[in-house]
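Student: Sharing a structure here in structure tokens format.
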């Protein structure tokens, strides 16, 4: 097993144990192995061979922001790497303790408090995603942030990776839900960006931490926008002849000001895969739409959708099917043991380049020897463009390892995305796997990111090397 | 209508020789089942984490549901050894099967990891607290290591009421109330002087030989009594007698019901609360999930006129274990067990100040961590109205 031991790590662990309590710290092998990975798909193939990506020297479970502050202080003083950990459902290796050091898991920090007068939720960032949403629902509210990882992931992971959810076309991504943040940065400073409806007090500094993936500090608390639980929900679906028709329909719906919560357009392969029971849809394009909220507004939005969508109505069935199956994640469990490399890649692009990007990425991934199929659905929509969520599966050709094949497919997809004027990530983030392409996309702005990192984390203890930082 | 995998077959048809992808074709043709269950669970991103009380409260990857499967996989692949330290997280399971409710494969993590616990027990890798349970069960047939004789007037009847270790040890008054209630329902209940544990703790903790020994002893005694009905106070006992014994080929002649099931069948009388009362309820995991009675406790409470029943956030098959299920955590890590109970209490308190449950162990767990709220077993609650 790969284990690097930074100098002074043992002293740091001893000090942390003394300061925050031994029961919040472990150096047991079984804990170290458990924090050796996240859900970076290629590492599952290593796991099947009994290999782990990298081992930390210790794991700590803080219970308060003050615990976090103390842990960062000790790590800063001893120059020991620290890796924030949420639900471990990240798919790009963002939490892998590649340089050794200490993993800090925030899941014991999960206190919630609702300010019902102002529709604000104050939440510690270790709280489980489903727990948070279910807690709100019971009290008559929703946050509207429903990623597929809702069940395993945490609020901290959502903020750290700049996540978005299935209902984002109405409720937006996490970055627009955050009113305030509490962050601990090295050497041991607790910053509080207070929650305001809006504030013109210089640059919005809290946004530096949204999507920083643990490289700048540890987000310990957030103040979030919440909404009354939807009074009405309408389920609509359509079959279209072409992907262009469906995309164009959604563009016009959004331009008229309607904001369906969910819009998903499936390409031909994914329509065959998910809706094979609907004869009239086979070989075509299915779109599922959910409109929800205040019933008067929903009624108006429904009229707009029905008047603008180019396609034949399919009814509620396909949407109900999607609602029932949207959290079923078993491809890796079923296919990785058969030697099949299975992964997803999400990118975003404006309307002008949307079809170009879709076609180029599919072509590029399919051209890699070993690829069995590439498919996509458009999963998140904006007045200015769309997110495509590609799925690929392949078997490494003779002479290539799973990782070599995997990297080749990813390289081809990232290159095609950049050439098609798309962004390399819509919501999974960067992690260790996408770091190289981040530099390419940001250009000189990457130097700014490096400079910010240098100022906030001069000793480079915060998740070193993640995002290429 | 096209088939489930036609999309994949069509995608592969231009990809060359079918034999190259023979494993995939065999899999989708259901000629092979793919990986073993532990591997499948280990490769999941923990899609049941939110339902697992241990995972929510303990917050560790190590004790998360898929985390346990990964440990089992690592042990099976000899990445780490089978030793006490490495097996310890596998005991951090409440055996509530909340995970099963959300799993696309319908796995029970408790069932997946039990073989490894069994192997550990056979190799003598047993934490002292667990060994103590085995010793007590071996020597006395009771998890607390002693027996309490029941009142003599209950010697014989037509229904055997099995109190369970928890009532015998901690809530003897519940036995009296249960018997009184059963009599009101028209039964003639009696108890056993030397009632033994059903064996569930031994099963949970990986000592299958001891479980089978207790089960056979119990079956021999119960089958000799010539009764047609057994009623238990504890849903775990009902599950053991009704489901587990059968699974191990041990035949119990009488029908077995949990007392709530008996109430459903025989509670005909109209019940009225003289003062309006607001209550909430805690569904025991073994009743709601394992015995597949997610609505029973609530439906009994709703029969009482004047009682307003407030559903907690997590109820029915989505119930949240009290922290004392599974026989291990309350012994190996009582702090965690109590934290889980506190988490549950804090949720229930938002609904009402009176909590009704249907399991003596749940009553014990929830009562232990709070003093300002009343936690009642359904039996003692109903006794007020019948």
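Residue numbers (my numbering), protein chains in the order written: chain C, 834 to 1302; chain X, 516 to 901.
We put the CB at the ideal spot given by N, CA and C, even for glycine.
(1) Under 8 angstroms between C-beta atoms, does residue 889 of chain X make it to chain C?
(2) Which of the residues in the stretch 1155-1181 of chain C, read from start to end, lie with their CB under 8 angstroms from any CB of chain X?
(3) Listed in chain order, which residues of the stretch 1092-1123 of chain C have Cβ atoms closer than 7 angstroms to some Cβ of chain X?
(4) For a cutoff of 8 angstroms on Cβ pairs, would you count residue 559 of chain X as touching chain C?
(5) Would you say residue 866 of chain C lies against chain X (beta-carbon separation less than 8 angstroms)?
(6) Could you run through the stretch 560-585 of chain X and flag, in chain order, every residue whose CB is less than 9 angstroms away from some CB of chain C?
(7) Just grab the DSSP bridge partners of residue 917 of chain C for me.
(8) Of all the CB atoms in chain D, is at least one closer than 8 angstroms to the CB of residue 624 of chain X?
(9) Give, in chain order, every residue of the stretch 929-950 of chain C whose Cβ lies closer than 7 angstroms to some Cβ of chain X.
(10) Out of X:847, X:815, X:809 and X:814, which has the shortest C-alpha to C-alpha gap to residue 829 of chain X?
(11) Tell me the residue span of the alpha helix (DSSP H) that contains residue 994 of chain C.
(12) First and last residue of the alpha helix (DSSP H) that includes residue 539 of chain X?
(13) Which value, in whole angstroms, describes the spacing of the CA atoms of residue 634 of chain X and residue 539 of chain X?
(14) Helix, strand or coil for residue 667 of chain X? Go by DSSP, reduced to three states.
(15) To the nearest angstrom, how far is the alpha carbon of residue 874 of chain C from that of residue 1044 of chain C?
(16) Can you name, in chain order, every residue of its own chain whose Cβ lies under 8 angstroms from the Cβ of residue 667 of chain X, other than the five neighbours on each side?
(17) Give the C-beta separation of residue 1377 of chain C and residue 595 of chain X to the nearest angstrom, bearing in mind that I take them to be a contact with Cβ-Cβ under 8 angstroms.
(18) In whole angstroms, what separates the C-alpha of residue 874 of chain X from that of residue 576 of chain X?
(19) Any beta carbon from chain X within less than 8 angstroms of residue 1191 of chain C's own beta carbon?
(20) Leaving out the 5 sequence neighbours to the left and right, which residues in its chain are closer than 6 angstroms to residue 589 of chain X when beta-carbon positions are compared?
(21) Could you check whether the Cβ of residue 619 of chain X sits closer than 8 angstroms to any Cβ belonging to chain C?
(22) Here's a check: name, in chain order, each residue in its chain whose Cβ is nearer than 7 angstroms to the Cβ of residue 1214 of chain C, leaving out the five neighbours to either side.
(23) State yes or no: is the beta carbon of residue 650 of chain X nearer than 8 angstroms to at least one beta carbon in chain C?
(24) Keeping to the same chain, check which residues put their C-beta closer than 6 angstroms to that of residue 615 of chain X; ignore five residues upstream and five downstream.
(25) Buried or exposed, going by whether 16 or more other CB atoms sit within 10 Å of the CB of residue 1122 of chain C?
(26) Using only the alpha-carbon positions, how far apart do residue 572 of chain X and residue 647 of chain X sit?
(27) Quick check: residue 1070 of chain C and residue 1151 of chain C, are their CB atoms within less than 8 angstroms of each other?
(28) Please name the residues in the stretch 1074-1085 of chain C whose beta-carbon is closer than 8 angstroms to at least one beta-carbon of chain X, in chain order.
(29) Does the separation of the CB atoms of residue 1210 of chain C and residue 1062 of chain C fall below 8 angstroms?
(30) Less than 8 angstroms between the CB atoms is what I'm expecting for residue 1266 of chain C and residue 1006 of chain C, so what's the real figure, rounded?
(31) Using a C-beta to C-beta distance shorter than 9 angstroms, which residues of chain C count as neighbours of residue 527 of chain X?
(32) Which chain X residues sit within Cβ distance under 9 angstroms of residue 894 of chain C?
(33) Between which two residues does the beta strand (DSSP E) harbouring residue 1055 of chain C extend?
(34) Report yes if the C-beta distance between residue 797 of chain X and residue 870 of chain X is below 8 angstroms; otherwise report no.
(35) Over what stretch of residues does the beta strand (DSSP E) that includes residue 744 of chain X continue unbroken?
Tutor: Answer, in terms of the structure:
(1) no
(2) 1160, 1161, 1162, 1163, 1165, 1166, 1167, 1168, 1169, 1170, 1171, 1172 and 1173
(3) 1102, 1105, 1106, 1109, 1110, 1112 and 1115
(4) yes
(5) yes
(6) 560, 561, 562, 563, 564, 565, 566, 570, 571, 572, 573, 574, 575, 576, 577, 578, 579, 581, 582 and 585
(7) C:937
(8) Here the protein chains are C and X, and chain D is not one of them.
(9) 938, 940 and 941
(10) X:809
(11) 988-994
(12) 537-543
(13) 33 angstroms
(14) Annotation note: pLDDT 49 at residue 667 of chain X (below 50); position unreliable, no value reported.
(15) 20 angstroms
(16) The pLDDT assigned to residue 667 of chain X is 49, lower than 50, so where the model puts this residue is not dependable; a value taken from the coordinates is nonetheless given after this. There are no such residues.
(17) With chain C covering only 834 through 1302, there is no way to say anything about residue 1377 of chain C.
(18) 30 angstroms
(19) no
(20) 595
(21) yes
(22) 1002, 1083, 1087 and 1096
(23) no
(24) 621 and 623
(25) buried
(26) 26 angstroms
(27) yes
(28) none
(29) no
(30) 21 angstroms between Cβ atoms; not a contact.
(31) 1205 and 1206
(32) 573, 574 and 575
(33) 1051-1058
(34) yes
(35) 744-747
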